[in-house]
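Numbering-wise, full-length UniProt numbering puts 179 at position 179 of the sequence shown, and it's gapless, one number per residue. All C-beta atoms, glycine included, are put in the ideal place defined by N, C-alpha and C. Since we're looking at a predicted model, the values are computed, not measured. To start, the structure under review is shown below, and the notes come after it.
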Amino acid sequence: MNNETTKIVFISGCGGGYDLFGGLPYYFKIKSSNNYETTLINYTFTTRELLSKYSKQLTTLLYCVSPTKDISWLTDNTYFPEQRLANEIQVPIYAILCNYDETRIELIIEAYRYLIDGRTIDEIILIDGGSDILLTGNEQQLGTPDEDMSHARAIQLLSSNEVKSKYIAVIGTNIDCGHGVIQSDIDARLNDLSLKATFTWLWQYEHDEDIRRYVDIVAGCCPRHTIVHSLICAALQGHRGYYLPEHLRGRISKSIVPLTEATCTSTGYYLEDVMSDNVYLKELKPEMNLHQVHDTIYKNKNQSQQIICSSIEPTKSSRSIKHLKCLIM
């Protein structure tokens, strides 16, 4: 039973891959306080075949991945970050299948409602490694927004009775210039959002045990499967410029992402403060699969290039997530 002061927090990897790993420093900080019940969730690229074989299905898309000692099948060529992470930290990871044919926004909502289980969740934090989740749809190039935005839309559609507060946290925002996002667009968007940020946290390897633990866990979870977190970890360990970790050289021959302090910086926002600028989000309907999400995003991108929108000078938000800021600063 939860006592009256216990807060229920969901930390969720937003856009597939190893995004949840970017939530580990938050998880460790929150876990160190005794008045939190925390659930770890990842929107996953792991195949349904693997999920069905080695974890427990809970809804159409949702699986519970439990720690296991039988890892003979979990070879370096097996892509299953949720199983690796569950084994490392010895807690279950909830995986929501991200598949272009099978995943619909309404089924993501169904997965969350199963986990909510009639309660009111105090906070959900969507974690994105990169900057896809921040983009509005007006940028020159959009990177890979389909997964992030289908997930964000599902969270947006959960009622305030289901989730009190919804946040976005990003880490390594400059890394998405490695797959098409223009750095000047990232810089402009970060500038536009600067007054809306609830906190900015520079991760420091030498001075923070939780950051070192994150780096160690990534290293123990077959890091060649994650370019984003391999580069973040390299930057945390002092590498700068176009450094490419040895374990990534079988995947990419040359890095086009300069490792900087920005690679090590995590920033938090209220979800609605980010999504209010998005030009297509409200057109993403619950019944849409990811193919339809993709088509809607790029239809709007073409249209938005013809529209000139008036801008309103932002004012600094008086809101803050004081308890989280206290934990991480």
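Delimiting residues of the alpha helix (DSSP H) encompassing residue 150: 145 to 156
Which value, in whole angstroms, describes the spacing of the CA atoms of residue 150 and residue 275? 12 Å
If we call anything under 8 Å between Cβ atoms a contact, is residue 139 one with residue 170? no
Under a Cβ-count criterion, where at least 16 other Cβ atoms within 10 Å of its own Cβ denotes burial, should residue 148 be classed as buried or exposed? buried
With a CB to CB cut of under 7 Å and the five nearest residues on each side skipped, what residues in its chain are close to residue 65? 55, 82, 83, 86, 92, 93, 95
Closer than 7 Å by C-beta to residue 262: which residues in its own chain qualify, once you throw out the five before and the five after it? Chain order, please. 173, 174
What does the Cβ neighbour count give for residue 328, buried or exposed, with the cut at 16 atoms within 10 Å? Residue confidence is low: residue 328 scores 45 on pLDDT, short of 50, so the model does not pin down where it sits. Its coordinate-derived value is still stated next. That one is buried.
Is residue 237 helix, strand or coil when you go by DSSP? coil
Beta-carbon spacing of residue 12, residue 125 below 8 Å: yes
Alpha carbon to alpha carbon, how far is residue 297 from residue 69? 42 Å
In the DSSP assignment, the alpha helix (DSSP H) including residue 28 goes from what residue to what residue? 24 to 31
Enclosing alpha helix (DSSP H) for residue 262 [first to last residue]: Neither: residue 262 is in no alpha helix (DSSP H) and is coded neither H nor E.
Which residues in the same chain have their Cβ closer than 6 Å to the Cβ of residue 76, if we skip the five residues on either side of it in sequence? 222
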